[in-house]
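Colleague: Heads up: the sequence shown begins at 159 in this note's numbering, then just goes up one per residue.
Please read through the structure below; I'll follow up with questions.
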Amino acid sequence: MPNTLSKIVHTKVFTFILQMSILVLLIYVLNYNFRIDYDEGILMERMLIIQYLANLVSFKDIDGLIIILFSWILIGVFPVFLFNHYKKILSMNLLTFFMPNFFFYVFLNKYSRNYFINNFPVLFLNTVLVSVILSISSVMLGLVRMELSKSKSKDQSENLKKVSEKNKTVCPECGAKFESIPQFCYNCSKKLDSLNPSQEKMMR
């Protein structure tokens, strides 16, 4: 069961759901709203869908940019704890960023085409800007994670080596070497646990 849970947690689907949930919560708490001048005649439910998606990815001014960047960089940290390579972290964050953007542009183009045509260049450039900054932060966080993992692995290897060295012994009588600390020498049958301190040092 723990292994199954671990596999689920480390899937892209789980990570995507987690990231989007936190993002929606952040946008709600920050009370962020991206203003859109919708085309006339658009149905309310379609307007709500477009507005919901726009609030997650779009901005018009520096304040909006700060909120969007803060939110996306923050949720971009979660893959760092779930994946151990910067490429996986980068692809996960870009996938999560791509999904709401894709549906935002699709719905906006279909149901408020005039606004889409008039504002697409600016909207697209803003999307590129956020994606570039998100990519840079993802790679940097991923590289830091990889370095920390390497350092931890190196420390563990050194500790294991030290433990292994402590357990190595040499019989002072015949010079036989052992990877443990036996009670008797397997070569000359000398009792090793009765050695004096100076002899014990010779065994190390």
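Note that beta-carbon positions come from the ideal geometry of N, C-alpha and C, so glycine has one too.
Considering only C-alpha positions, which residue in the set GLY234, ASN189, LYS349 is nearest to VAL290?
Modeller: It is GLY234 whose Cα lies nearest to the Cα of VAL290.
Colleague: For VAL328, does the three-state DSSP call read helix, strand or coil?
Modeller: strand
Colleague: Residues in the same chain with beta-carbon distance under 6 Å from SER270, minus the five sequence neighbours each way, listed in chain order, please.
Modeller: TYR196, ASP197, ILE200
Colleague: Relative to the C-alpha of SER229, which candidate in VAL182, PRO279, LYS308, GLU305 has its C-alpha closest?
Modeller: VAL182
Colleague: Could you check if CYS346 is buried or exposed, using at least 16 other CB atoms within 10 Å of its CB as the buried criterion?
Modeller: exposed
Colleague: Just the Cα atoms here: how many angstroms apart are ILE208 and ILE185?
Modeller: 15 Å
Colleague: Nearest to PRO237 by alpha carbon, out of VAL302, CYS329, CYS332, GLU203?
Modeller: VAL302
Colleague: How many angstroms separate the CA atom of VAL286 from the CA atom of VAL215?
Modeller: 11 Å
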